[in-house]
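Chains as they are written, first to last, in my numbering: chain B, 1 to 202; chain G, 203 to 404.
Every residue gets a Cβ at the ideal spot worked out from N, C-alpha and C, and that includes glycine.
Please read the structure below before turning to the comments.
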DNA sequence: GTCTATAGGTGGATAGAC
DNA sequence: GTCTATCCACCTATAGAC
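And the structure:
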C-alpha cells in the first residue's frame with residue numbers, strides 16, 4: 001500500500017481524523033502528497049468514489065480481523081475472539097473505526113455511499129449474531145433471541161470504544177489499560193446476559 | 203424560543219442532523235428562515251460563536267434533565283433517575299444528543315469550542331460519578347472506584363443510545379421498545395458491576 | 001500519470017443604505 | 001434589525017498540453 005492509490009486513502013483518513021468530513025478536500029489531499037489537485041482524478045473518478053474506496057478498504061481490513069477470529073475451536077472461544085478482534089481493530093486502526101462506526105450515514109451525503117455503508121455494517125452485525133447463535137445452539141447461552149443479545153454486546157463495546165477514542169477515558173492511560181477495563185466490563189455484562197432472564201423479558 | 207435567535211439555533215441543529223458539520227452554513231440557515239445571509243450576524247458574532255451557542259443551549263437543556271433527576275430520595279433512586287434523565291434527553295432531544303456526545307471535539311475545529319465542549323462534558327461525567335459515589339458511601343454498592351463504575355455505565359448507555367440514534371437498532375420499532383431494552387440491558391450490567399469483583403480487578 | 005489553466009459553485013464576512 | 005452589494009477564500013471538476 002505504498003503506491004499513490006494507497007497514499008491518497010491514508011491521507012484522506014488522516015484529514016478525516018483531524019477535522020471530520022468537512023476537512024476532506026481533494027486539494028488538501030493533493031497538497032499533502034505534493035501533487036496537483038487534479039492528479040487524484042487519475043486514481044479516483046471523483047470525491048464520492050474516493051470516500052467509498054476509503055470505506056471499502058476499511059471494511060476489508062475489519063473483515064480480516066473478524067476472519068481471523070473464526071479460528072477458535074468452540075462457539076464461546078469464537079465469540080470471545082470476535083470481541084478481541086473488534087477491540088484490536090479499534091485500537092490498531094482507530095481512523096478506520098471512526099469512519100466505519102462513528103459517522104452517521106446521513107452525514108456522508110452521497111447516493112451510493114449510505115447504501116454501501118449500511119449494507120457492510122449490517123453484514124458485520126450478522127457476523128456477531130452468528131457467533132451468539134452458535135453459543136445458544138450448543139447450550140452455552142440460554143435460549144432466546146440471538147439478535148437481542150448481539151445488540152447489547154455491540155452497544156456496550158461500541159460505547160466504551162467510542163468514549164475511549166474520543167478521549168473521554170481519563171482513567172486509562174494506555175491501550176493495555178483500556179483493554180483490561182473493556183474485558184472486565186464486558187465479562188460482567190455477558191454474565192448478566194447469559195445468567196438471567198435477559199432474553200425473555202426484552 | 204420563537205424569536206429569531208432561537209429559530210437560528212433550531213435551524214442549525216436541523217442542518218447538522220441532516221448533513222453533519224459540513225452542511226452548516228450561514229447562507230443555508232438564512233435561506234431556511236427567509237433572511238439574508240448577513241442578518242444572522244446581528245444575532246451572532248460569527249459562525250464559531252453560533253456553534254458555541256448551540257452547544258451551550260444543548261448543555262443547558264441537558265443540565266435541566268439531570269437536575270430534575272436529583273429529586274429522588276435515596277442514592278439508588280437518584281442514580282436510576284439520572285439514567286432515566288439521560289435516556290429521556292437522548293430520545294426527546296436527539297439533535298442535541300448528537301451534537302453534544304457524538305461529535306469528536308477535534309472536528310469542531312475552533313479555538314474556544316473544544317475547551318467549552320470538553321469542560322461541559324467533564325462536568326456531566328462528574329455528576330454521574332457523584333451519583334455512583336453516593337451509592338458506594340451508603341453501602342448500596344461495593345467499595346471501589348466510583349469513576350471506574352461510572353465510565354462503564356456511561357459507556358454502555360452511550361453505546362446503546364448512539365447505535366439506536368444512528369438507526370442500527372432494527373429490533374426496536376419505537377422509543378418505548380428501546381427504553382425497555384435499554385433498562386433491561388443496563389440493569390444486568392449494574393448487577394454485574396455491583397455483585398462481583400469488578401471494581402477491584404479493573 | 002502528472003501538470004497548468006480555467007470554469008462554475010459555495011462559503012464567511014464586511015460596508016453601508018434603509 | 002434587515003437588506004443589497006461586494007470581496008476574497010476555497011471547493012469540485014474538466015480540458016488539454018507534456
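Worksheet item: Can you tell which of 337/G, 249/G, 328/G and 283/G has its C-alpha closest to the C-alpha of residue 431/G?
Response: A query on residue 431/G cannot be resolved here, the shown segment of chain G reaching from 203 to 404 and no further.
Fill in: Reference residue 353/G, options 340/G, 211/G and 391/G, closest by Cα
391/G
Worksheet item: By a C-beta neighbour count over all protein chains shown, 10 Å radius and 16 as the cutoff for buried, is residue 13/B buried or exposed?
Response: buried
Worksheet entry | For residue 27/B and residue 386/G, the rounded distance between their alpha carbons | 49 Å
Worksheet item: Hey, is residue 253/G's beta-carbon within less than 8 Å of any beta-carbon in chain B?
Response: no
Worksheet item: Taking Cβ-Cβ distances below 8 Å as the criterion, which residues of the region 149-160 of chain B are in contact with chain G?
Response: 151, 152, 154, 155, 156, 157, 158, 159 and 160
Worksheet entry | Rounded separation between residue 122/B and residue 174/B - CA only | 31 Å
Discussion item. Under DSSP, the alpha helix (DSSP H) around residue 118/B begins and ends at which residues?
Written reply: 112-137
Item to complete: Check whether the Cβ of residue 373/G lies closer than 8 Å to any Cβ atom in chain B.
Response: yes
Worksheet item: Do you know offhand how far residue 88/B's Cα is from residue 132/B's?
Response: 19 Å
Worksheet item: How big is the Cα-Cα spacing for residue 339/G and residue 240/G?
Response: 55 Å
Worksheet entry | Exposed unless 16 or more other CB atoms sit within 10 angstroms - verdict on residue 201/B | Note on residue 201/B: pLDDT 49, under 50, position unreliable in the model; no value is reported.
Worksheet entry | Segment contact flag, the region 114-129 of chain B with the region 308-322 of chain G, C-beta cutoff 8 Å, min 3 pairs | no
Discussion item. By the DSSP assignment, the alpha helix (DSSP H) with residue 296/G in it spans what residues?
Written reply: 296-303
Worksheet item: Which residues, taken in chain order from the region 208-237 of chain G, show a beta carbon closer than 8 Å to some beta carbon of chain B?
Response: 219, 220, 221, 222, 223, 224 and 225
Discussion item. So with CB distances below 7 Å, who are the chain B contacts of residue 349/G?
Written reply: 171
Item to complete: Would you mind working out which of 309/G, 302/G, 288/G and 206/G sits nearest residue 321/G, comparing C-alpha positions?
Response: 302/G
Worksheet item: Got a sec, what are the start and stop residues for the alpha helix (DSSP H) residue 364/G sits in?
Response: 348-367
Item to complete: Kindly indicate if chain B contains any beta-carbon less than 8 Å away from that of residue 391/G.
Response: yes
Practice prompt. Evaluate residue 154/B with the Cβ neighbour count: other Cβ atoms within 10 Å of its Cβ, from every protein chain shown; 16 or more gives buried, anything less gives exposed.
Written response: buried
Fill in: Where residue 227/G sits in the DSSP three-state scheme
coil
Worksheet entry | Collapsed DSSP secondary structure at residue 43/B in the structure displayed | coil
Worksheet item: Would you say residue 94/B reaches chain G, if we count a Cβ-Cβ gap shorter than 8 Å as a contact?
Response: no
Practice prompt. State the DSSP-derived secondary structure class of residue 191/B, mapped to helix, strand or coil.
Written response: helix
Item to complete: Measure the C-alpha to C-alpha separation of residue 10/B and residue 49/B and round it to an integer number of angstroms.
Response: 15 Å
Fill in: Secondary structure of residue 74/B, DSSP reduced to three states
coil
Item to complete: Give, in chain order, every residue of the region 108-124 of chain B whose Cβ lies closer than 7 Å to some Cβ of chain G.
Response: 109 and 121
Discussion item. Looking only at its chain, what residues have a beta carbon closer than 6 Å to the beta carbon of residue 246/G, apart from the 5 residues adjacent to it on each side?
Written reply: 252
Practice prompt. Give the straight-line distance between the Cα atoms of residue 3/B and residue 360/G, rounded to the nearest whole angstrom.
Written response: 39 Å
Practice prompt. Could you check what DSSP says for residue 404/G in three-state terms: helix, strand or coil?
Written response: For residue 404/G, the predicted structure reports a pLDDT of 47, less than 50, and the residue's modelled location is therefore unreliable. The matter cannot be settled from this model.
Worksheet item: Do residue 171/B and residue 349/G have their CB atoms nearer than 8 Å?
Response: yes
Practice prompt. At 7 Å on the CB atoms, spell out the chain B contacts of residue 394/G, in chain order.
Written response: 188, 189, 191 and 192
Fill in: Start and end residues, alpha helix (DSSP H) containing residue 208/G
206-221
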